[in-house]
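Count along the sequence shown starting at 1, add 3, and that's the number in this note's numbering.
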Amino acid sequence: MLDPAEARLWAEEIASLVAYVEARLCKSIARTVWADMGASSTDVARLAKVATVRAELERQLGRGWQRVIRRAQEVLNMARDAGQGQAVKDLAKAGYPTIFPTVQAAAVETIAADLIAHLSQIPPIALREAVDVYQRIISRPVASVTTGAETRLKATQGALNSFARHGISGFTDKAGRRWHMDTYAEMATRTGATHSLVYGWANTMTVNGEDLALVSDHAFECPMCAPWENQVISLTGQYKGRVSVQHATREDQTVTVNVKGTLEEAKQAGLYHPNCGHTMRLFLPGITRQARPQHDPARYEASQKQRALEREIRKQKRLEAVNMIGDPTPAQTIRECQKQIRELTAKYDLPRKRVREQIKKAH
């Protein structure tokens, strides 16, 4: 059975690495800004030396990003191998002899190139936003203090907090949606890893003469995936519609199967999107049974709330990174969010994804 859960875990690891890189940028900006505290507006302008600050941020970003890219490439290879290995297990379980297919380099390279292209967009945008934020922060407190509205301490911390709350979020997908730095990297990696996983599984199946697969049911599916639940699909397009095929174990018998569409059509319609939790298994005509779909909208909504709480925790950890006045609020908020997640996962039987609440150091 092909399960994209591994792809999600690997993508969450990449997101955690990216979140760490971002937190380092936030902390570096905070320390640099704090070092300028007490200087006059003229001194601040002199001390800013944006080129020097930019070089330091670029150094930190580049060092962390090398690890992100290396790990992303490893993830794609692991996903492909995992898909292939699962297909071999599925065929063996069905009692079929198995041929290990030769990996089509072009297919894997296309997936890798697409992922690396998405990830490579992040550093220049992140660097530009970080430098822009630094320049805004060193000027904003001075303007506030001259009007007497805020103390310089509060003004500086407020500006840093504003940056940390929003984070680096100048990333837009094809649909025009804006993404935060870590979630954009996670989305791109999850998409690439899932495609690589599906490719490894489907390629192994078709090389061994199997073309039909059954998409799983999912208790809290999204509207894009719902039409494909418990539906038979063709991996290559060999079958479509109501077709007569040979029974899986009886050579003298045929059975009628309704084939919803092709794997490619299902993917184009939204199946195996970045957050998809559907599995896929070998369909054996005359043996495999299609279950009645089960829907649980409340559990789906709970899973979305869990994701929102995870994002809030990561945001609060960015606030901790720039916290220079010992404000206890971020730590308190993190504990409250974790409490809500514990209650939510217990009530709706959802898996706790601690990696999504963390930022992982990029060694």
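Ideal Cβ positions, reconstructed from N, Cα and C, are used throughout, including at glycine.
- Counted as a single uninterrupted DSSP element, the beta strand (DSSP E) harbouring residue 249 occupies residues 244-249.
- For residue 80, the enclosing alpha helix (DSSP H) begins and ends at 53-96.
- Going by DSSP, residue 173 is part of no beta strand (DSSP E) at all; its letter is neither H nor E.
- Residue 181 is bridged by DSSP to 175.
- Residue 208 places its beta carbon 8 Å or farther from that of residue 108.
- For residue 238 against residue 214, the beta-carbon gap comes to about 5 Å, under 8 Å, which counts as contact.
- Membership of residue 116 in any beta strand (DSSP E) is not indicated; the residue belongs instead to the alpha helix (DSSP H) covering 108-123.
- Annotation for residue 358: 15 and 19 place their beta carbon closer than 6 Å to its own, counting only its chain and skipping 5 residues before and after.
- The beta-carbon distance between residue 96 and residue 325, rounded to whole angstroms, is 53 Å. This is too long to meet the 8 Å contact definition.
- Residue 113 holds the alpha-carbon nearest to the alpha-carbon of residue 83 among 56, 64, 113 and 241.
- According to DSSP, residue pairing for residue 264 in a beta bridge involves 236.
- By the CB criterion at 8 Å, residue 351 and residue 305 fall inside the cutoff.
- The closest CA to that of residue 187, considering only 203, 335 and 119, is found on 119.
- Counting every other CB atom within 10 Å of its CB across the protein chains shown gives residue 123 a total below 16, marking it as exposed.
- Contact between residue 316 and residue 268 does not hold, since their C-beta atoms are separated by about 38 Å, which reaches or exceeds 8 Å.
- By the C-beta density criterion, residue 135 is exposed, having fewer than 16 other C-beta atoms within 10 angstroms.
- Beyond the five residues adjoining it in sequence on each side, residue 110 comes within less than 8 Å, by CB distance, of 202 and 206 in the same chain, given in chain order.
- When C-beta atoms of the region 271-278 are compared with those of the region 242-250, fewer than three pairs fall below 8 Å, so the two segments do not count as touching.
- Residue 309 holds the alpha-carbon nearest to the alpha-carbon of residue 339 among 21, 309, 194 and 291.
- CA-to-CA, the gap between residue 27 and residue 346 works out to about 31 Å.
- For residue 302, the enclosing alpha helix (DSSP H) starts and ends at 300-325.
- The three-state secondary structure of residue 163, taken from DSSP, is helix.
- Cβ-Cβ separation between residue 167 and residue 321: approximately 4 Å, consistent with a contact (criterion under 8 Å).
- Counting along the chain, no alpha helix (DSSP H) covers residue 5, and no H or E run does either.
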